[in-house]
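*Asks:*
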Amino acid sequence: MSNQKPNWLAEAEEVLIRYAKDFSPILVDRAQGSYIYDKDGKAILDFTSGQMCSIIGHNHPKVFAAMQESGEKAWHLLSTLLSEPVINLCKALAELTPKGLDKAILINTGSESNEVALRMAKLYTGGYEILGFLGSWHGMTAGAQAPTYSHTRRGYGPAAPGHHALPAPYAYRCPIQHCNNNCDRSCLRVGMDLVDRQSTGAPAAVIIEPVLSAAGIIDLPPGYMADLKKMCEERGYLLILDEAQTGLGRLGDWFGFERDGVTPDFLTLSKTLGGGLPLAATITSKAIEEECFERGFIYITSHVSDPLPAIVGLTVLEVIQQQQLVKHAAEQGAYLKAGLEALQAKHDCIGDVRGRGLLLGVEIVKDQESRAPAPDLGWRISQRCLELGLNMNIVRIPGMSGVFRIAPPLTVTKEELDLGLTIMDQAIQETLAN
Ligand SMILES: Cc1ncc(COP(=O)(O)O)c(C=O)c1O
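This note's numbering puts the first residue of the sequence shown at 935, with every later residue one more than the last.
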């Protein structure tokens, strides 16, 4: 990719705060289905479904129609005023989830959905200690950021007291340098022991993702979540499951907790629920909600219970059901994973292929033998992919390998997956040759 900055980008940087290092050198004109299109009409296959949100493809016509309907009725109201779309979406979420996830609040972002869960957990338990995984990402607002152990902490002062980290079960690079590719959960036992010794005895919640995304697609091994839930119950922590990226079918199940038969105390949904529009939900049990209500729970924002995002959320659920996208994600995910494993057999720089359904990770290394991290190589491959018409997301956390996080929309076709695999193959070959 040319190092010459396009004029439009130089002009943009005069007026935009740069919030995530550099902007991509593509000026997007429109987005449809699995593709985004630049100003010259060039199609770019989007293997990140936007910021992992456009689960039914970009600009789905049914979502557009729902927004028009909302425009003809109401799109924003005073926080205490309800409308049918809000009530219907909360009903639909309660029906979709097991008993114990009975009541929901509708807000806008993933950060907010976790803020709500954390506030309720503190109010309900009377504690304030929160545990989160190393490498996790739960949002950028202060409460959600505090248990986010990513590269976003330095320079912003202390987080609220009472936050502790647990090592994530990163089997390819065991966090306690104990096992190799086969987590035996020693990391969980060691981590919990460390936390127990540091605790002031005021437990509130453990917040986790079923597959850690920003950490580099780390899938909790089968049974891990059930063990963790038991440990939470023994100690008095509530379990908050953040399914921002995994919820609503991406893993080939409606939710990530299904495989392990665990019902969390809080389920937070965001990115995928709005299908590209800002909608999030926090769902909990009747018992927790009632106790929090008695204690005066408050969470008022400008856009809580707005009808427009709610009608969009209902439409997203309807499309997932009508098009059987959960099953489709499982099938397409297996196909894509097999294709990525074939690339791994061909290219020594692919150290690991992991993940579930249509949330897959490809870890780029110097070579398979050494497993030495190669984030710059990963970055250069991603730039070549972009030139060839494939948009990829790569984690560039210092000290870690670059990991491609692949999350196409659940509507993706086999032909589109084949195209993405072909471009990746070519981009790897050409980058290594240069
Ligand atoms: C698992 C997870 N939770 C929460 C968030 C925060 O969501 P938002 O950016 O909508 O606040 C993200 C964002 O990347 C995420 O990946």
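Glycine is no exception: its CB is placed at the ideal position from the N, C-alpha and C atoms.
Keep in mind it's a predicted model, so treat the numbers as computed, not measured.
Any idea which residues DSSP pairs Leu-1175 with across the strands?
*Replies:* Reading the sequence shown from its first residue, position 241 is the one you call residue 1175. DSSP output for Leu-1175 lists Ile-1142 and Leu-1201 as bridge partner(s).
*Asks:* With three or more C-beta pairs closer than 8 Å as the rule, is the region 1050-1069 touching the region 1209-1229?
*Replies:* Yes, they touch.
*Asks:* From Asp-1301 to Pro-1307, what distance separates their C-alpha atoms?
*Replies:* In the sequence shown, counting from the first residue as 1, residue 1301 sits at position 367. In the sequence shown, counting from the first residue as 1, residue 1307 sits at position 373. The straight-line gap from Cα to Cα measures roughly 9 Å.
*Asks:* DSSP has Pro-1307 in a bridge; who is on the other side?
*Replies:* Working through the sequence shown from its first residue, we reach residue 1307 at position 373. DSSP output for Pro-1307 lists Val-1299 as bridge partner(s).
*Asks:* Where Gln-966 and Glu-1350 are concerned, what is the direct C-alpha to C-alpha distance, given to the nearest angstrom?
*Replies:* Position 32 of the sequence shown, counted from the first residue, corresponds to residue 966. Position 416 of the sequence shown, counted from the first residue, corresponds to residue 1350. Cα to Cα, the separation comes out at about 13 Å.
*Asks:* With a Cβ-Cβ cutoff of 9 Å, do His-1203 and Gly-1190 count as a contact?
*Replies:* Position 269 of the sequence shown, counting from 1, holds the residue named residue 1203. Position 256 of the sequence shown, counting from 1, holds the residue named residue 1190. Per the sequence shown, residue 1203 should be read as Leu rather than His. Contact: no.
*Asks:* Does the Cβ of Lys-1007 have 16 or more other Cβ atoms within 10 Å, making it buried, or fewer, making it exposed?
*Replies:* In the sequence shown, residue 1007 corresponds to position 73, counting from 1. When all chains shown are included, Lys-1007 counts as exposed.
*Asks:* Helix, strand or coil: how does DSSP classify Gly-1400 here?
*Replies:* In this structure the chain extends from 935 to 1368, so residue 1400 is not present and cannot be described.
*Asks:* Does Pro-1137 come out as helix, strand or coil in the three-state DSSP assignment?
*Replies:* Taking the first residue of the sequence shown as 1, we reach residue 1137 at position 203. Here Pro-1137 sits in strand by DSSP.
*Asks:* Given 8 Å as the limit, tell me if His-1097 has its C-beta closer than that to any heavy atom belonging to ligand 1.
*Replies:* The residue given as residue 1097 occupies position 163 in the sequence shown. Incorrect: His-1097 has no Cβ contact closer than 8 Å to ligand 1.
*Asks:* Compute the minimum distance between the beta carbon of Gly-1210 and the heavy atoms of ligand 1, and state whether it is under 8 Å.
*Replies:* For the purposes of this step, residue 1210 is taken as the residue at position 276 of the sequence shown. No, the beta carbon of Gly-1210 sits no closer than 8 Å to any heavy atom of ligand 1.
*Asks:* With distance defined between alpha-carbon atoms, name the residue in Asp-1153, Pro-1243 and Gln-1255 nearest to Ile-918.
*Replies:* Residue 918 is absent from the structure shown; the chain starts at 935 and stops at 1368.
*Asks:* The beta strand (DSSP E) with Leu-1100 in it runs from where to where?
*Replies:* In the sequence shown, residue 1100 corresponds to position 166, counting from 1. Per DSSP, Leu-1100 belongs to the beta strand (DSSP E) from 1097-1100.
*Asks:* Any heavy atom of ligand 1 closer than 8 Å to the Cβ of Gly-1044?
*Replies:* As a working note, residue 1044 is residue 110 in the sequence shown. Within the cutoff, so yes.
*Asks:* Starting from Arg-1169, follow the alpha helix (DSSP H) in both directions and report where the run begins and ends.
*Replies:* By one-based count along the sequence shown, residue 1169 stands at place 235. Looking at the DSSP string, the run of the alpha helix (DSSP H) that includes Arg-1169 is 1158-1169.
*Asks:* CB of Gln-1255 to nearest heavy atom of ligand 1: below 8 Å?
*Replies:* The sequence position of residue 1255 within the sequence shown is 321, counting from 1. Gln-1255 Cβ: outside cutoff for every heavy atom of ligand 1.
*Asks:* For Leu-1322 and Ile-1357, I'd like the C-alpha separation in whole angstroms.
*Replies:* Against the sequence shown, residue 1322 aligns to sequence position 388. Against the sequence shown, residue 1357 aligns to sequence position 423. Roughly 7 Å between the two C-alpha positions.
*Asks:* Excluding sequence positions up to five away, which residues of its chain have a Cβ less than 8 Å from the Cβ of Asp-1161?
*Replies:* What you label residue 1161 is simply residue 227 of the sequence shown in a count that begins at 1. Once the five neighbours on either side are set aside, the close Cβ partners of Asp-1161 are Arg-1119 and Leu-1122.
*Asks:* When you compare the region 970-978 with the region 1182-1201, are there three or more beta-carbon pairs, one atom per stretch, that lie closer than 8 Å?
*Replies:* As far as the Cβ criterion goes, the region 970-978 does not touch the region 1182-1201, which means the pair count is below three.
*Asks:* Taking all protein chains shown into account, decide if Thr-1031 is buried (16 or more other Cβ within 10 angstroms of its Cβ) or exposed.
*Replies:* Counting from 1 along the sequence shown, the entry for residue 1031 is found at position 97. The residue is buried, with at least 16 neighbouring Cβ atoms inside 10 Å.
*Asks:* Kindly say whether Leu-1322, judged by its beta-carbon, lies nearer than 9 Å to any beta-carbon of chain D.
*Replies:* Here there is only one protein chain, and chain D is not present.
*Asks:* Is the closest heavy atom of ligand 1 to the C-beta of Asn-1048 under 8 Å?
*Replies:* What you label residue 1048 is simply residue 114 of the sequence shown in a count that begins at 1. Yes.
*Asks:* Examine ligand 1 and report whether any of its heavy atoms sits within less than 8 Å of the Cβ of Lys-1205.
*Replies:* Taking the sequence shown and counting its residues from 1, one reaches residue 1205 at position 271. Yes, since a heavy atom of ligand 1 falls inside the 8 Å radius drawn around the Cβ of Lys-1205.
*Asks:* Determine the direct distance from the alpha carbon of Leu-1274 to that of Gly-1089, and round the result to whole angstroms.
*Replies:* Position 155 of the sequence shown holds residue 1089. Position 340 of the sequence shown holds residue 1274. Straight-line Cα distance between these residues: approximately 38 Å.
*Asks:* Any idea what DSSP makes of Asp-963, helix, strand or coil?
*Replies:* As a position in the sequence shown, residue 963 is number 29, starting the count at 1. DSSP places Asp-963 in strand when its eight states are reduced to three.
*Asks:* What is the DSSP secondary structure of Lys-1271, reduced to helix, strand or coil?
*Replies:* Stepping through the sequence shown from its first residue, residue 1271 is reached at position 337. Lys-1271: helix per DSSP, three-state reduction.
*Asks:* Could you check where the beta strand (DSSP E) with Ala-1215 kicks off and where it finishes?
*Replies:* Counting from one through the sequence shown, the residue named residue 1215 turns up at place 281. Start and end: 1214-1218.
*Asks:* Thinking just about the alpha-carbon of each residue, which of Lys-1271, Asn-1327 and Gly-1157 is nearest to the one in Asp-1352?
*Replies:* Within the sequence shown, numbered from 1, the residue matching residue 1352 stands at position 418. Minimum Cα distance to Asp-1352 is reached at Lys-1271.
*Asks:* Please classify Ala-944 as buried or exposed, where buried requires at least 16 other C-beta atoms within 10 Å of its C-beta.
*Replies:* In the sequence shown, the residue the question calls residue 944 occupies position 10. Burial call: exposed.
*Asks:* Per DSSP, which one or two residues make a beta bridge with Leu-1324?
*Replies:* In the sequence shown, the residue the question calls residue 1324 occupies position 390. Per DSSP, Leu-979.
*Asks:* Could you tell me whether the Cβ atoms of His-1098 and Thr-1082 are closer together than 9 Å?
*Replies:* Taking the first residue of the sequence shown as position 1, residue 1098 is located at position 164. Taking the first residue of the sequence shown as position 1, residue 1082 is located at position 148. In this structure, Thr-1082 does not lie closer than 9 Å to His-1098 by Cβ.
*Asks:* Just verifying my parser: in three-state terms, what is the DSSP assignment at Gly-1336?
*Replies:* On the sequence shown, position 402 is the one that residue 1336 refers to. Looking at Gly-1336 - three-state DSSP - the assignment turns out to be strand.
*Asks:* Helix or strand or just coil, what does DSSP make of His-992?
*Replies:* In the sequence shown, counting from the first residue as 1, residue 992 sits at position 58. Note: His-992 maps to strand in three-state DSSP.
*Asks:* Can Thr-1075 be considered in contact with ligand 1, in the sense that its beta carbon sits closer than 8 Å to one or more heavy atoms?
*Replies:* Counted from its first residue, the sequence shown places residue 1075 at position 141. Checking every heavy atom of ligand 1 against the Cβ of Thr-1075, one is found closer than 8 Å.
*Asks:* Under a Cβ-count criterion, where at least 16 other Cβ atoms within 10 Å of its own Cβ denotes burial, should Ser-968 be classed as buried or exposed?
*Replies:* The count along the sequence shown starts at 1 and reaches residue 968 at position 34. When all chains shown are included, Ser-968 counts as buried.
*Asks:* For the pair the region 1255-1267 and the region 1140-1157, tell me if three or more CB-CB distances fall below 8 Å.
*Replies:* No, they do not touch.
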